[in-house]
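Peer 1:
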Amino acid sequence: MLLTMRDDEESSRVTLAQVAKQAGVSLSTVSKVLNGRQDVAAPTRLKVERLLEEHAYRRTTRSAQEAPLIELVFHELDSIWAMELIRGVENVAKAHRAGVVLTESGTRQAPGPDWIEGVLQRRPLGVVLVFSALPEEVKQQLRSRAIPFVIIDPAGDPDPDVPSVGSANWSGGLAATRHLIECGHRRIGIITGPEDMLCSLARLDGYRSAMSMAGLEIDPDLVLYGDFHVEGGYDGTMKLLSLPRPPTAIFSGSDLQALGALEAARVSGLRVPHDLSVVGYDDVPVARWSSPALTTVHQPLRRMAEEATEMLLRIRAAQEPVTTRLELATSLVVRKSTAPPRD
22 MLLTMRDDEE SSRVTLAQVA KQAGVSLSTV SKVLNGRQDV AAPTRLKVER
72 LLEEHAYRRT TRSAQEAPLI ELVFHELDSI WAMELIRGVE NVAKAHRAGV
122 VLTESGTRQA PGPDWIEGVL QRRPLGVVLV FSALPEEVKQ QLRSRAIPFV
172 IIDPAGDPDP DVPSVGSANW SGGLAATRHL IECGHRRIGI ITGPEDMLCS
222 LARLDGYRSA MSMAGLEIDP DLVLYGDFHV EGGYDGTMKL LSLPRPPTAI
272 FSGSDLQALG ALEAARVSGL RVPHDLSVVG YDDVPVARWS SPALTTVHQP
322 LRRMAEEATE MLLRIRAAQE PVTTRLELAT SLVVRKSTAP PRD
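In our numbering, the protein residues as written are 22 to 364.
#1: Should L123 be labelled buried (16 or more other beta-carbon atoms within 10 Å of its own) or exposed?
#2: Return the chain-ordered list of same chain residues with a C-beta closer than 6 Å to the C-beta of V251, the five sequence neighbours on each side being excluded.
#3: Is the CB-CB distance between I172 and A189 below 9 Å?
#4: Look at L261 and L243 and say whether their C-beta atoms are less than 9 Å apart.
#5: What residue ranges within the region 297 to 323 form continuous beta strand (DSSP E) runs of no fewer than 3 residues, ordered along the chain?
#6: So who's on the other strand from V293, going by DSSP bridges?
#7: How many Å lie between R118 and L333 at the Cα?
#8: For V159 and I137, what's the separation of their Cα atoms in angstroms?
#9: Can you tell me whether G214 is buried or exposed, with buried defined as 16 or more other CB within 10 angstroms of its CB?
#10: Between the C-alpha atoms of A286 and V54, what's the straight-line distance to the nearest angstrom?
#11: Nearest CA to the CA of V305: which residue from S298, S312, H295 and T317?
#12: Counting along the chain, where does the beta strand (DSSP E) carrying E238 start and finish?
#13: Based on the DSSP output, what are the partners of T124 in its beta bridges?
#14: Compare the beta carbon distance of L315 and A270 with 9 Å and say whether it is the shorter of the two.
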């Protein structure tokens with residue numbers, strides 16, 4: 022396998038030797054850094070990484086053992102919306118005769134520390150990550166090997182030097198709440214997502230804006246943070262329904278939480294939408310099959326994944342840094358879980 026500098030046709034052994042000499046380390050140490058080995062001191066690794074990036078190293082050929090792969094990295098795979106993202110990446114990968122590798126690692130904020138060693142050994146065409154950010158050291162390691170990366174639906178505020186694809190969360194929250202207001206609801210609860218996720222806060226801000234524009238007071242007791250899972254929706258709804266003045270409608274920050282809200286209403290003896298209106302967020306396939314069918318905000322998850330993968334391949338083809346933020350529109354899908362409040 023050959024590694025060359027852009028303007029140098031010397032063999033990989035010579036160029037690796039040049040890097041080793043400039044870094045003041047052995048050739049084997051440079052090789053370890055190239056392959057993502059963790060048994061190299063952090064200052065040494067950083068020095069070698071900077072030299073690799075400075076000289077714009079790239080691979081000129083792929084070995085016979087290497088299939089063209091796109092790596093998709095989640096912090097959890099057992100979610101309904103994860104499948105939509107997988108399908109989106111696969112659609113584009115298939116069109117480009119590439120395969121997809123799925124990796125589960127880390128937290129909502131960043132992949133785990135062991136992930137980078139594996140990806141550097143696999144050397145994929147590029148990496149699509151469902152995280153809010155990447156550690157600076159990881160970005161350096163990927164860039165020094167000319168492995169492009171794109172983030173989908175950041176949970177936080179992505180660094181300006183990281184290409185990312187998201188959706189209009191504020192507009193989605195606004196549309197969901199406006200729909201409930203137009204139905205005649207005035208006491209509207211919200212169960213958004215985790216407090217440390219930007220998308221949760223943006224949906225909450227959309228809710229607040231809609232309430233404010235309608236001249237409606239926001240009761241702090243009606244504003245809850247959830248976990249984007251069924252349990253969070255169930256627990257939050259039970260808490261809202263236990264208030265002396267419970268809401269007549271609930272905007273849930275995810276479809277899974279909305280399913281939890283439907284179950285909480287059922288066990289509380291309430292009929293949706295006759296006694297309580299519920300709006301979800303995401304428009305995952307199960308939303309149309311719930312009972313009643315869920316009114317929700319369509320988040321174009323599959324298209325987000327497709328756009329992220331296309332962006333990734335464009336970056337790779339350009340062989341140069343590309344910094345882009347793409348935000349796709351959301352839209353309200355009205356089904357059977359919302360209605361005017363009872364008199």
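The beta carbon of each residue, even a glycine, is placed where N, CA and C say it ideally should be. Bear in mind that the values here come from a model prediction, so they are computed numbers and not experimental data.
Peer 2: The short version:
#1: exposed
#2: L277, L280 and G281
#3: Cβ atoms of I172 and A189: not closer than 9 Å.
#4: yes
#5: As far as the region 297 to 323 is concerned, its whole beta strand (DSSP E) runs of at least 3 residues are 298 to 303 and 316 to 319.
#6: Under DSSP, V293 takes part in no beta bridge, so it has no partner.
#7: 15 Å
#8: 7 Å
#9: Of the residues assessed, G214 falls on the buried side of the cut-off, its CB having 16 or more other CB atoms within 10 angstroms.
#10: For A286 and V54, the distance between alpha carbons rounds to 56 Å.
#11: T317
#12: Annotation: E238 is outside any beta strand (DSSP E) and is labelled neither H nor E by DSSP.
#13: Bridge partners of T124 according to DSSP: V94.
#14: Remark: C-beta atoms of L315 and A270 do not approach each other more closely than 9 Å.
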